[in-house]
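Each residue of the sequence shown is one higher than the one before, counting from 450 in this note's numbering. Scroll down for the structure; my scribbles are underneath it.
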Amino acid sequence: MMEKGSKIFVAGHRGMVGGAILRELRRQGYENIVTRTHAELDLTCQAAVEDFFRAERPEYVFLAAAKVGGIVANDTAPADFMYVNMMLEMNVVNAAWRYGCKKLEFLGSSCIYPRLAPQPMKEDCLLTGALEKTNEAYALAKISGLKYCEYLNRQYGTDFISVMPTNLYGPGDNYHPEHSHVLPALIRRFHEAKVAGAPEVVCWGDGSPLREFLYVDDLAGLCVFLMNRYSGNETVNAGSGQEVSIRELTEIVARVVGYEGSIRWDVSRPNGTPRKLLDISKAEALGWRASTPLEAGIALAYKDFLENPVRTER
Ligand SMILES: NC(=O)c1ccc[n+]([C@@H]2O[C@H](COP(=O)([O-])OP(=O)(O)OC[C@H]3O[C@@H](n4cnc5c(N)ncnc54)[C@H](OP(=O)(O)O)[C@@H]3O)[C@@H](O)[C@H]2O)c1
Numbered sequence: 450m451m452e453k454g455s456k457i458f459v460a461g462h463r464g465m466v467g468g469a470i471l472r473e474l475r476r477q478g479y480e481n482i483v484t485r486t487h488a489e490l491d492l493t494c495q496a497a498v499e500d501f502f503r504a505e506r507p508e509y510v511f512l513a514a515a516k517v518g519g520i521v522a523n524d525t526a527p528a529d530f531m532y533v534n535m536m537l538e539m540n541v542v543n544a545a546w547r548y549g550c551k552k553l554e555f556l557g558s559s560c561i562y563p564r565l566a567p568q569p570m571k572e573d574c575l576l577t578g579a580l581e582k583t584n585e586a587y588a589l590a591k592i593s594g595l596k597y598c599e600y601l602n603r604q605y606g607t608d609f610i611s612v613m614p615t616n617l618y619g620p621g622d623n624y625h626p627e628h629s630h631v632l633p634a635l636i637r638r639f640h641e642a643k644v645a646g647a648p649e650v651v652c653w654g655d656g657s658p659l660r661e662f663l664y665v666d667d668l669a670g671l672c673v674f675l676m677n678r679y680s681g682n683e684t685v686n687a688g689s690g691q692e693v694s695i696r697e698l699t700e701i702v703a704r705v706v707g708y709e710g711s712i713r714w715d716v717s718r719p720n721g722t723p724r725k726l727l728d729i730s731k732a733e734a735l736g737w738r739a740s741t742p743l744e745a746g747i748a749l750a751y752k753d754f755l756e757n758p759v760r761t762e763r
């Protein structure tokens, strides 16, 4: 268990996930939290990471720093996604082990699972089939990170764990028109359509694919919970357990944003995978459950979008 005064490093604290973990730690009264911005400490630089761990020696590490992006970004820059993520993970996890970190939690993503994995996807379907091509480089880097944690546990007796979230959304999301994920992209498009008085918004496909979304503060609650209560080599899935069709999602976003025009489905465009859902029975058996309903969470995300300067680049 982390003590309230334990030294905790949140890597990537300015990101959506790292920011939510920082809020949750502060909410729970943890007071000895160490952070560095990307400009202060480039985690892909081994010597800089080494110096940081030698000087600070954090007892606990949440590794929420990563190069993250949507399909277009992943598909067009696979070399960058692989290089940055592999370097960053290996440097931080390796230094955490060598400088005596008591526990590290590694953040991955549900894209590590095979493209045709049985739905809902269980943790043990990892490495049972081919990956989705568009984000293969990112997924391979994430699989390497979680496996490196597992190998250190096995070879050196560390207590390093990993968590794999579904699609996330919430305060601090990225709203870049091409580089963002589906939900923040929809929030931006419907907001802009409302402001411009556009009579219709065109969406890709027929709206039938089923997806899952988790409010980022719910994930942060799970991350802190797992740091205190879970040890093991197998990763832990993080999801809401609720499926929503892209059509329903689009209607919720339009309602929350207050867009009154119509929505047209361009069926000449691809739908993508028909269903993507995580099996979250493992996290639930440990005693955790997501608490933010989708529409309420989207309303909170939209409030944050309106109130804060929008981050459009990674
Ligand atoms: N967003 C989602 O829907 C989602 C879903 C599932 C899993 N996850 C996982 O959650 C984790 C965090 O994602 P996120 O959405 O919070 O991403 P994010 O908002 O882009 O945050 C990532 C943070 O990492 C920092 N960073 C990137 N490269 C760095 C480097 N070389 N050195 C130091 N800092 C660096 C970024 O700083 P700069 O912005 O300054 O580069 C940023 O603050 C990732 O592992 C991701 O796979 C996210």
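Note that the Cβ used here is the ideal one computed from N, Cα and C, for glycine as well.
task = May I have the straight-line CA-CA distance separating L743 from D622, to the nearest angstrom?
result = Straight through space, the alpha carbons of D622 and L743 are spaced by roughly 15 Å.
ask   = Per DSSP, what kind of secondary structure is L743 in: helix, strand or coil?
value = The three-state reading of DSSP puts L743 in helix, counting H, G and I together.
key: CA nearest to the CA of R638, picked from V705, P507 and N720   = Checking every option, the nearest Cα to that of R638 belongs to V705.
Expected contact under 8 Å - CB spacing of C574 and P563 to nearest Å = Rounded, the Cβ-Cβ distance is 6 Å, consistent with contact.
request  = Mind checking which residues open and close the beta strand (DSSP E) that includes D666?
outcome  = For D666, no beta strand (DSSP E) encloses it; the enclosing alpha helix (DSSP H) starts and ends at V665 to R678.
request  = Taking only the alpha-carbon atoms, compute the straight-line gap between A488 and Q495 and give it to the nearest angstrom.
outcome  = Cα to Cα, A488 sits roughly 15 Å from Q495.
inquiry  = On a Cα-Cα basis, can you pick out the residue from G518, E572 and L735 that is closest to V673?
reply    = Measuring from the Cα of V673, the nearest candidate turns out to be L735.
ask   = Going along the chain, which unbroken runs of the beta strand (DSSP E) with 3 or more residues stay wholly within the stretch 453-534?
value = For the stretch 453-534, whole beta strand (DSSP E) runs of length 3 or above, ordered along the chain, are 457-460 and 509-512.
query = When DSSP labels each residue in this structure, what does V542 get in the three-state scheme?
reply = Correct three-state label for V542: helix.
task = Return the CA-CA distance between R763 and T583, expressed in angstroms with no decimal places.
result = At R763 the pLDDT is 41, less than 50, meaning the model places this residue with poor confidence and gives no usable figure here.
query = For I610, does the three-state DSSP call read helix, strand or coil?
reply = I610 falls in the strand class under three-state DSSP.
message = Tell me whether A634, by its Cβ, gets closer than 7 Å to a heavy atom of ligand 1.
response = For ligand 1, not one heavy atom lies less than 7 Å from the Cβ of A634.
message = Checking the sheet assignment: what are the DSSP bridge partners for Y618?
response = DSSP, once it has assigned bridges, lists Y664 as partnering Y618.
query = On the premise that M613 lies in contact with A732, defined as a C-beta separation below 8 Å, what is that separation, rounded to the nearest angstrom?
reply = Between M613 and A732 the Cβ distance is about 10 Å, and since that is not below 8 Å, they are no contact.
request  = Have a look at S730 and V685 and give me their C-alpha separation to the nearest angstrom.
outcome  = Each residue's alpha carbon lies about 9 Å from the other.
ask   = Should the stretch 584-602 be called in touch with the stretch 535-550, which here means at least 3 C-beta pairs below 8 Å?
value = Because the criterion of three Cβ pairs below 8 Å is met, the stretch 584-602 and the stretch 535-550 touch.
message = Is M487 a contact residue of ligand 1, with contact defined as CB to any heavy atom under 7 Å?
response = Note that residue 487 is His in the sequence shown here, rather than Met. Taking 7 Å as the cut-off, the C-beta of H487 counts as close to a heavy atom of ligand 1.
task = Examine ligand 1 and report whether any of its heavy atoms sits within less than 7 Å of the Cβ of R660.
result = Between ligand 1 and R660, a heavy atom-to-CB distance of less than 7 Å is absent.
ask   = Looking at A460 and F511, is the spacing between their C-beta atoms short of 8 Å?
value = With contacts defined as CB atoms closer than 8 Å, F511 and A460 qualify as a contacting pair.
request  = Output yes if chain C places a C-beta closer than 8 Å to the C-beta of A687; else output no.
outcome  = Although the question refers to chain C, the structure presented lacks it and comprises just one protein chain.
key: Supposed close pair L666, A469 - CB separation, criterion 8 Å   = As written in the sequence, residue 666 is Asp, which differs from the Leu given in the question. Right, the Cβ-Cβ distance comes to about 5 Å (below 8 Å), so this counts as a contact.
key: Collapsed DSSP secondary structure at C598 in the structure displayed   = In this structure, C598 counts as helix in the three-state DSSP scheme.
task = Kindly indicate which residue of G619, M570 and N534 has the alpha-carbon position closest to the one of E585.
result = Among G619, M570 and N534, the Cα nearest to that of E585 is on N534.
Among Y618, E692, E697 and L668, nearest to A750 - alpha-carbon criterion = Nearest C-alpha to A750: Y618.
inquiry  = For ligand 1, I want to know if L580 counts as a neighbour, meaning its beta carbon is within less than 7 Å of at least one of the ligand's heavy atoms.
reply    = It does not: the Cβ of L580 is nowhere closer than 7 Å to a heavy atom of ligand 1.
query = Between V650 and A526, what straight-line distance do the alpha-carbon atoms span, to the nearest angstrom?
reply = Computed Cα separation, rounded: 28 Å.
Proximity of H640 and G519 at Cβ, strictly below 8 Å = No.
ask   = Cα separation between P507 and A497?
value = As the crow flies, the alpha-carbon of P507 is around 15 Å from that of A497.
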